[in-house]
Amino acid sequence: MTRTRLGAAPGQRLRMAFARFATASLGATAFSQLVLATLYWIGGTNAVTASTVAFLAGAVPHFLVIRRWAWDRHGHLRWDAVVYTVVTLTAGALVILATTIAERQFAPMIDGRGLRTIVVVAAYVASAVPVFVLKFLVLDKVFRQANDAASSTRVRAPKPEAPGTTSS
């Protein structure tokens, strides 16, 4: 059975990376939701500002956690940050668009700021689910290929042979 850099079989490695990515994402999402609700409801900011700040507040710690924990990435911080930033900004734009559309569609029908906040937060979460899966697949492909390439270029020590034998 082939083992990867993380010491697991490829299928197990994918499941482990996904579980770790999902766990880190749940933490980042919870923090983002707290920021979103606080800025939108208590701070009185609009959905664009609140969801943008919320998204960024979760993205930075998420990147730092997943690159080490989910994909065991060391070094190449600049490249990883560029890849993560492009993927995350694309994902963020989709989530921000969804929350903005929800606010514009439903705000005129809802009087209370608290109920509007629930609608905006629901739109944020609903749009984040498909974005989450797509983001994992893209990052896994890029980071896994980078790890596989790094593993294949490492110099390996020759296998020791018993004295008096020849390799065939």
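Heads up: the sequence shown begins at 66 in the working numbering, then just goes up one per residue.
All residues carry an ideal CB built from backbone N, CA and C; glycine is no exception.
Shown here, A102 sits in a helix according to DSSP, grouped into three states. In this structure the stretch 92 to 102 lies against the stretch 110 to 119, because at least three pairs of beta carbons, one per stretch, are closer than 8 Å. Under the rule that a run must span 3 or more residues, no beta strand (DSSP E) segment is found entirely inside the stretch 121 to 185. In this structure A214 is not in contact with T164, their Cβ atoms being roughly 38 Å apart against a cut-off of 8 Å.
A124 and I175 have their alpha carbons spaced roughly 30 Å apart. For L199 against Y149, the beta-carbon gap comes to about 14 Å, at or over 8 Å, which does not count as contact.
DSSP places N111 in the coil class of the three-state scheme, outside both helix and strand. In this structure, the CA atom of G140 is about 21 Å from the CA atom of M81. Residue state for A188 is assigned as helix, using DSSP reduced to three classes. Taking 9 Å as the cut-off, the beta carbon of A211 is found no closer than this to the beta carbon of R143. The beta carbons of E168 and A187 sit no closer together than 9 Å. Cβ contact annotation for I161 (same chain, cutoff 7 Å, sequence separation greater than five): V113, S116, T117 and F120, in chain order. In this structure, the CA atom of G157 is about 10 Å from the CA atom of V151. When the five nearest sequence neighbours on each side are left out, the beta carbons in the same chain lying within less than 7 Å of the beta carbon of A102 are those of T182 and V186, in order along the chain. Between F86 and F201, the CB-CB gap stays under 9 Å. About 40 Å separates the beta carbon of W106 from that of R209, a gap too long to meet the 8 Å contact definition.
When secondary structure is reduced to three states using DSSP, A89 falls in the helix class. In this structure, H127 sits away from G76, with a CB-CB distance that is not shorter than 9 Å.
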